[in-house]
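So the structure is just underneath, and the comments pick up after that.
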Amino acid sequence: MAGQVTIRRAEKRDAAELAILVDLSSHGFASWLWQGAVVRGKGETALECGRCQLRSDDETGGWKDASFAEVDGEVAGAVIGYGIDTSIGDVEADHPVLHPLIDLQKKVVGSWFIDSLGVYRHHRGIGLGRQLLDHELERAAGRTASLITESTNEVALALYRSSGFVEVERMESVPLSADGKTHDWVLLTRSAT
Ligand SMILES: CC(C)(COP(=O)(O)OP(=O)(O)OC[C@H]1O[C@@H](n2cnc3c(N)ncnc32)[C@H](O)[C@@H]1OP(=O)(O)O)[C@@H](O)C(=O)NCCC(=O)NCCS
Numbered sequence: 027m028a029g030q031v032t033i034r035r036a037e038k039r040d041a042a043e044l045a046i047l048v049d050l051s052s053h054g055f056a057s058w059l060w061q062g063a064v065v066r067g068k069g070e071t072a073l074e075c076g077r078c079q080l081r082s083d084d085e086t087g088g089w090k091d092a093s094f095a096e097v098d099g100e101v102a103g104a105v106i107g108y109g110i111d112t113s114i115g116d117v118e119a120d121h122p123v124l125h126p127l128i129d130l131q132k133k134v135v136g137s138w139f140i141d142s143l144g145v146y147r148h149h150r151g152i153g154l155g156r157q158l159l160d161h162e163l164e165r166a167a168g169r170t171a172s173l174i175t176e177s178t179n180e181v182a183l184a185l186y187r188s189s190g191f192v193e194v195e196r197m198e199s200v201p202l203s204a205d206g207k208t209h210d211w212v213l214l215t216r217s218a219t
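All the letters of the sequence shown, read from the start, carry residue numbers 27 to 219 under the working numbering.
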């Protein structure tokens, strides 16, 4: 039986747990990028680089934009959301794998972008993903909401479609290695109600 569920805003001291959940929600894509920062000498491990990025007070999509779901006081999942403004027009992807993601974000200026949503496996299927999504839709405060997911992520697509999101565009992903698989990045939006 599910315990007591609480949704709360993240604090700076949550950055390490947030790094784990951001990585989970991106199926390891985040730690692949953070590993690049290790190679450039920015930290000891990918997770340390992720924690460092997420603890930043100035980082879009950092701890200030995050919220957690807790079950009986234990972190079970997280969501990150923020408004996309016209400054996205000046953003240049600093790695080719990010090009389609930035290009898709540039199509939803003015929207509330849901950047990450993840729930630990043993807490799935009890409504936490939907509660975190609803929390972020409330934070959208009358704005169109947007997000990007993988075309292969059927569970997430089912959640988003049942919450009123519709596909508006997709772009092929850039593989992470020469023999890596590709998928489409799917941009979905939900009109303000
Ligand atoms: C996607 C995710 C956040 C859903 O979290 P969750 O807490 O299990 O979701 P909920 O219990 O709130 O279920 C919400 C909806 O998701 C869909 N869903 C959940 N589990 C599912 C499953 N096993 N098969 C198909 N659809 C499923 C359903 O539409 C469900 O709605 P319903 O209960 O009304 O049928 C979670 O599976 C996850 O963290 N996955 C890995 C990371 C990820 O893919 N994040 C999204 C990146 S864009």
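For each residue, glycine too, the CB sits at the ideal point set by N, CA and C.
Spatial neighbours of residue i in its chain, beta-carbon cut-off 7 Å, leaving aside the 5 residues before and after
i, result
"Arg35", "Ser93"
"Ile128", "Val117, Ala119"
"Ala41", "Arg77, Leu80, Arg81, Trp89"
"Asp182", "It is Ala, not Asp, that sits at residue 182 in the sequence shown. Only Thr175 meet the Cβ criterion."
8 Å contact criterion, which residue i and residue j should meet: CB distance rounded
i, j, result
"Trp138", "Ala171", "5 Å"
"Glu195", "Leu213", "5 Å"
"Leu202", "Val123", "6 Å"
"Ala72", "Gln79", "With a Cβ gap of about 11 Å, Ala72 and Gln79 do not count as contacting."
"Ala204", "Ala166", "39 Å between Cβ atoms; not a contact."
Beta-carbon proximity check, residue i vs residue j, cutoff 8 Å
i, j, result
"His121", "Leu59", "yes"
"Gly76", "Ala45", "yes"
"Arg216", "Ser189", "yes"
"Glu164", "Trp211", "no"
"Arg169", "Gly115", "no"
"Asp111", "Gly29", "no"
"Leu185", "Val31", "no"
Sequence-distant residues of its chain with Cβ nearer than 6 Å to residue i (five each side left out)
i, result
"Asp141", "Gly87, Ile106"
"Ser57", "Asp49, Ala72"
"Glu162", "Val105, Gly107, Ile140"
Cutoff 8 Å: residue i Cβ touching any chain C Cβ
i, result
"Thr208", "Absent here is chain C; the protein component of the structure consists of one chain."
Open item on the list: Would you call the stretch 95-115 in contact with the stretch 153-160, where contact means no fewer than 3 C-beta pairs closer than 8 Å?
Closed with: yes
- [ ] Starting from the N-terminal end, write out each residue whose C-beta falls within a distance shorter than 6 Å of any non-hydrogen atom of ligand 1.
- [x] Leu50, Ser51, Leu143, Gly144, Val145, Arg150, Gly151, Ile152, Gly153, Leu154, Gly155, Arg156, Thr175, Asn179, Val181, Ala182, Ala184, Leu185, Ser188
Task: Cβ contact (3+ pairs, closer than 8 Å) linking the stretch 40-52 and the stretch 138-155 - done: yes
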